[in-house]
Amino acid sequence: MTTNTSKARWLPLVVFGLLAALLLAGVILSRQGNREALPSPLIGKPAPAFELPVLHEAGRLVSSTELLGEPYLLNVWGSWCPECRVEHPVLTRFAETKRIRVIGYNLKDEHADALRWLEQFGNPYWLVLTDYTGDKAIDWGIYGAPETFLVDAAGVIRWKHVGPVSDETIRDELIPLLDQVDG
701 MTTNTSKARW LPLVVFGLLA ALLLAGVILS RQGNREALPS PLIGKPAPAF
751 ELPVLHEAGR LVSSTELLGE PYLLNVWGSW CPECRVEHPV LTRFAETKRI
801 RVIGYNLKDE HADALRWLEQ FGNPYWLVLT DYTGDKAIDW GIYGAPETFL
851 VDAAGVIRWK HVGPVSDETI RDELIPLLDQ VDG
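According to our numbering, the sequence shown is numbered sequentially starting from 701.
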């Protein structure tokens, strides 16, 4: 009975040690790699079909098939998204190069709020689609904003970036992929 009592005394210390080791492992692993790089199961597959309203043209719907023929960058944003403000100047500078069509995907926003946001910060988009309910976003695997996709001329998703796009992201990731898609 003495052996069981002494083992029982050490049990809380052993459990604490295991939890501390697990916490330490989590901290170490979180420092490695790009934590925002979430692999998308859609990379290399056709972009999901959609038909969405155009923000600036009441009653006009654009389908995914209408965008085929040229590559495009689909940028998910919302007026409610603080990180979208961070990436907006970067995206604007890139759109001004006219290297690729930059299409806005306004997610779960009020119509007036989205228009006001673009008036305030500028509109870098070739076209702005809007998904008021977020129903089509589910098909794309979108869970928030900002997120950005590169879709080639055939409608195949080639790249996904979660979080704000930076100048470095464009230079180091997007431009090399554009060279491949254009080549």
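Note that CB positions come from ideal geometry on N, CA and C, so glycine has one too.
Quiz item: CB V856 to CB P824, shorter than 8 Å?
Solution: Translated into positions along the sequence shown, residue 856 becomes position 156. Translated into positions along the sequence shown, residue 824 becomes position 124. P824 is positioned such that its CB atom lies no closer than 8 Å to that of V856.
Quiz prompt | Of the residues P771, A758 and A749, the one placed nearest W859, counting alpha carbons only | solution = As a first step, residue 859 is located in the sequence shown; it is residue number 159 there, counting from the start. Out of P771, A758 and A749, P771 has the C-alpha closest to the C-alpha of W859.
Quiz item: In its own chain, which residues sit with a C-beta less than 8 Å from the C-beta of V727, not counting the 5 before and 5 after it?
Solution: Along the sequence shown, read from residue 1 onward, the residue named residue 727 stands at position 27. For V727, the pLDDT reaches just 47, beneath the cut-off of 50, and the residue's location in the model is therefore unreliable, although a value from the coordinates is still provided. Result list for V727: empty, nothing under 8 Å.
Quiz item: Are V754 and V828 closer than 8 Å when you measure CB to CB?
Solution: As a working mapping, residue 754 is identified with position 54 in the sequence shown. As a working mapping, residue 828 is identified with position 128 in the sequence shown. Yes, Cβ-Cβ distance for V754 and V828 is below 8 Å.
Quiz item: Taking C-beta to C-beta, are W780 and N806 nearer than 8 Å?
Solution: The count along the sequence shown starts at 1 and reaches residue 780 at position 80. The count along the sequence shown starts at 1 and reaches residue 806 at position 106. Not closer than 8 Å, so no.
Exercise. Identify whether L742 lies in helix, strand or coil by the three-state DSSP scheme.
Key: Translated into positions along the sequence shown, residue 742 becomes position 42. Here L742 sits in coil by DSSP.
Quiz item: Should G841 and S764 be called a contact, given that it needs their Cβ atoms to be closer than 8 Å?
Solution: To locate residue 841, count along the sequence shown from 1; it is residue 141. To locate residue 764, count along the sequence shown from 1; it is residue 64. No, Cβ-Cβ distance for G841 and S764 is not below 8 Å.
Exercise. Look at the Cβ atom of E783, then the Cβ atom of G863, and state whether they are nearer than 8 Å.
Key: Locating residue 783 in the sequence shown gives position 83, counting from the first residue. Locating residue 863 in the sequence shown gives position 163, counting from the first residue. Contact flag set, yes.
Quiz item: Do N806 and the ligand SAM come close, with the Cβ less than 7 Å from some heavy atom?
Solution: Among the ligands in the structure shown, none appear at all, so the ligand SAM cannot be discussed.
Quiz item: Distance, Cα to Cα, A812 vs E796?
Solution: Translated into positions along the sequence shown, residue 812 becomes position 112. Translated into positions along the sequence shown, residue 796 becomes position 96. If you take the alpha carbons of A812 and E796, they lie about 25 Å apart.
Quiz item: What residue from L767, A749 and K707 has the CA that sits closest to A853's CA?
Solution: For this step, residue 853 is matched to residue 153 along the sequence shown. With distances taken between Cα atoms, A853 lies closest to L767.
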